[in-house]
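Sequential numbering of the sequence shown, starting at 14, is according to the numbering used here. Below is one structure; the comments refer to it alone.
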Amino acid sequence: GIQTPKDEQDILNIPIYYNNQTITLGDIAYVVKGHYPMLSYVNVDGYPSTVIFNIHRTNDANAIKIVTEVDKTLKSLKLPLHAHIVKWFDVTDFISSSIRSVIDAIIIGSLITLVVIALFLNNVRLSLLTAIVIPVSILCSLLFMYILHGSLNLMSLGGLAASIGALVDHAIVVMENIEKNINKPRPKLESVIDASSEILKPMTLATLTSVSVFAPLFFLSGIIGTFFKELALAVILALLISQFVSMTITPSIAYIAIPKVVKPEPNWLLKLTNIYKKLFLGFYKRKNLSILIVALLVLTSFGLYKSMKTGFLPEWDEGMFVLDFTGPSGASSQNTYQIVKHIEKIVASIPEVKHYSVRIGASLGQPRNPTNKGDILITLKDHRTKSIFEVMREIRQKVDAKIHVLKEFDMAQVLRDRLGDITGQHAPFSVVIHGSDPETLVKLGEEIRDKIAKKPIFKEVNLKTLFYGPYYYISLKKDAYSNYGITYDDVVNTLKLHLWGITLTNYLKGQERIFIRAYEPFDPNEE
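Dropping the structure here:
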């Protein structure tokens, strides 16, 4: 049998049986070392000898834990001299910083709430006891989120942060009502129970009203539903648990902590109460004026709503962005890089840039792209004088001034770019043109793009199409098979063999897999 070849000579000696005689592959073909046709190109920070690999997690995996384990594994590797590993994109940096920010907001909000409670209850000890509802409600909410297969993310933590005021509000209302009723001439326990029962119905109705506002978010679909379901779940659980805690734990604390004789309210609070009473009576006596003021407020609110900017996500500095580009039609990866290296020089010259990676034939959202398409992922330094928007503006101005052969060129922060990949919409406004003639579609698209780009209200206008040529369409004649016995597969295989080559087989040489490709015609004197 045929042994696994060790070198080119072994491949040349492979026997071929033809017309009852045996010849070798070397009698009819050349065998030379070569490279697989370059379909992609990558580098990091200008180093061309680069391998980029992506790590994807499963749906139920913890991204932060995965990155921690990967970091441990990478540190344990013994790399050869001059080899370096660069972590060029880590989504957990954004996740961790976002979670830290929300947790900080929860802590700061809780402290501010404690101060407000102390001012209005006129009792620091009582305010601290009242604030117990915050950690208890949050912990119980996290428990139920775990049971319902929720997760800790930006939206769920944001929902908890937003509901802190409501959590404490339940406890304050209960504690305040108990404090007002406890001076009545009856047993202390009876006063606490009656005061709590008195506000049970209105508080429950208020809680259910708030819950009903967030409940419809569960029925949202698509990417918006994915975002807001977690937020709605966190808020609803926090509100319901807060009500339960306020009607059970808070009365028990009140019974223990509130003395039978309560301190009188401070003078500033009495003055504030008197001012409120005067304002209320003034508006009550002047009903027409009250209606007019309310109507003006409604109209003003509507006017402000119409004049405000709208968008799916607010603008913020992620610290990294992706630059997508499309070179001339039909350009190879090498030819595309000859253009892109000018962009690379512009990016590398900006002091705010920490790392960048160039990919041609692939992109952040597409593992395979044509050889004239790719992206540059740019990570900025943590401590810098320019915002990400200023850096992006500077790159665009320099690229527009120096490079004029790109078919497409746009930039977006990573989260927005990934959302665009998921939804298929990379811009807030898209025009879709349908038709059967690719050339007409591209021409019409370019005309529309140029007209829209002239409008000053648009910052970036790009034409995205799969029909940028050149393309050749081949259709067999009706008598091709009857006259010559040629089928469609014969034509396809012949074109592949002549223009691209066909991978026939492969073998292992140590730990390296060697592919054998057939290619015709082939001049061994050319590289």
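No residue lacks a Cβ here, since even glycine has one placed at the ideal position from N, Cα and C. Predicted model only: the values in this text are computed from it and were never measured.
My output table needs one value for residue i: the three-state DSSP class, helix, strand or coil.
{"i": "residue 102", "result": "coil"}
{"i": "residue 533", "result": "coil"}
{"i": "residue 527", "result": "strand"}
{"i": "residue 367", "result": "strand"}
{"i": "residue 51", "result": "coil"}
{"i": "residue 24", "result": "helix"}
{"i": "residue 519", "result": "strand"}
{"i": "residue 297", "result": "helix"}
{"i": "residue 232", "result": "helix"}
{"i": "residue 35", "result": "strand"}
{"i": "residue 58", "result": "coil"}
{"i": "residue 139", "result": "helix"}
{"i": "residue 372", "result": "strand"}
{"i": "residue 30", "result": "strand"}
{"i": "residue 76", "result": "helix"}
{"i": "residue 289", "result": "helix"}
{"i": "residue 173", "result": "helix"}
{"i": "residue 328", "result": "coil"}
{"i": "residue 90", "result": "coil"}
{"i": "residue 115", "result": "helix"}
{"i": "residue 318", "result": "helix"}
{"i": "residue 122", "result": "helix"}
{"i": "residue 487", "result": "coil"}
{"i": "residue 44", "result": "coil"}
{"i": "residue 313", "result": "helix"}
{"i": "residue 511", "result": "helix"}
Could you work out which residue in the options is closest to residue i when comparing CA atoms only?
{"i": "residue 136", "options": "169, 188 and 166", "result": "188"}
{"i": "residue 250", "options": "269, 234, 298 and 172", "result": "172"}
{"i": "residue 392", "options": "363, 384 and 415", "result": "363"}
{"i": "residue 533", "options": "17, 34, 36 and 41", "result": "41"}
{"i": "residue 241", "options": "257, 44, 195 and 169", "result": "169"}
{"i": "residue 27", "options": "34, 16 and 33", "result": "16"}
{"i": "residue 423", "options": "411, 184, 271 and 474", "result": "474"}
{"i": "residue 55", "options": "357, 183 and 204", "result": "357"}
{"i": "residue 368", "options": "344, 346, 76 and 395", "result": "395"}
{"i": "residue 23", "options": "322, 38 and 34", "result": "38"}
{"i": "residue 166", "options": "202, 285, 221 and 110", "result": "110"}
{"i": "residue 160", "options": "388, 304, 246 and 224", "result": "246"}
{"i": "residue 221", "options": "417, 255 and 79", "result": "255"}
{"i": "residue 374", "options": "425, 350, 360 and 361", "result": "350"}
{"i": "residue 58", "options": "416, 389 and 420", "result": "389"}
{"i": "residue 515", "options": "235, 531 and 124", "result": "531"}
{"i": "residue 142", "options": "507, 154 and 185", "result": "185"}
{"i": "residue 61", "options": "284, 180, 252 and 370", "result": "370"}
Would you mind sorting residue i into buried or exposed? The rule is 16 or more other CB atoms within 10 Å of its CB.
{"i": "residue 333", "result": "buried"}
{"i": "residue 340", "result": "buried"}
{"i": "residue 21", "result": "exposed"}
{"i": "residue 216", "result": "buried"}
{"i": "residue 92", "result": "exposed"}
{"i": "residue 31", "result": "exposed"}
{"i": "residue 45", "result": "exposed"}
{"i": "residue 337", "result": "buried"}
{"i": "residue 355", "result": "exposed"}
{"i": "residue 401", "result": "buried"}
{"i": "residue 344", "result": "buried"}
{"i": "residue 264", "result": "buried"}
{"i": "residue 540", "result": "Since pLDDT at residue 540 reaches only 48, below the 50 mark, its modelled position is unreliable, and the value read off the structure follows with that caveat. Under this definition residue 540 is an exposed residue."}
{"i": "residue 51", "result": "exposed"}
{"i": "residue 495", "result": "exposed"}
{"i": "residue 126", "result": "buried"}
Beta-carbon of residue i versus every beta-carbon of chain B: anything under 8 Å?
{"i": "residue 457", "result": "Given the protein chain composition of this structure (a single chain), no chain B is represented."}
Go to residue i, then tell me how far its alpha helix (DSSP H) extends in each direction, as first and last residue.
{"i": "residue 65", "result": "No alpha helix (DSSP H) holds residue 65; DSSP gives it neither H nor E."}
{"i": "residue 507", "result": "501–508"}
{"i": "residue 192", "result": "177–194"}
{"i": "residue 475", "result": "Segment: none, residue 475 is in no alpha helix (DSSP H) and carries neither H nor E."}
{"i": "residue 579", "result": "There is no way to answer for residue 579, as the model of the chain reaches only from 14 to 540."}
{"i": "residue 149", "result": "146–160"}
{"i": "residue 493", "result": "493–497"}
Can you tell me where the beta strand (DSSP E) holding residue i begins and where it ends?
{"i": "residue 339", "result": "333–339"}
{"i": "residue 222", "result": "Run containing residue 222: none in the beta strand (DSSP E); it sits in the alpha helix (DSSP H), 201–227."}
{"i": "residue 390", "result": "386–393"}
Closer than 7 Å to a non-hydrogen atom of the ligand PLP - does that hold for the CB of residue i?
{"i": "residue 29", "result": "Annotation note on the ligand PLP: not contained in the displayed structure, which lists no ligands."}
Can you list the beta strand (DSSP E) stretches of 3 or more residues lying completely in the segment 410–460, in chain order?
421–426
Which runs of the beta strand (DSSP E), 3 residues or longer, sit entirely within the segment 239–274?
none
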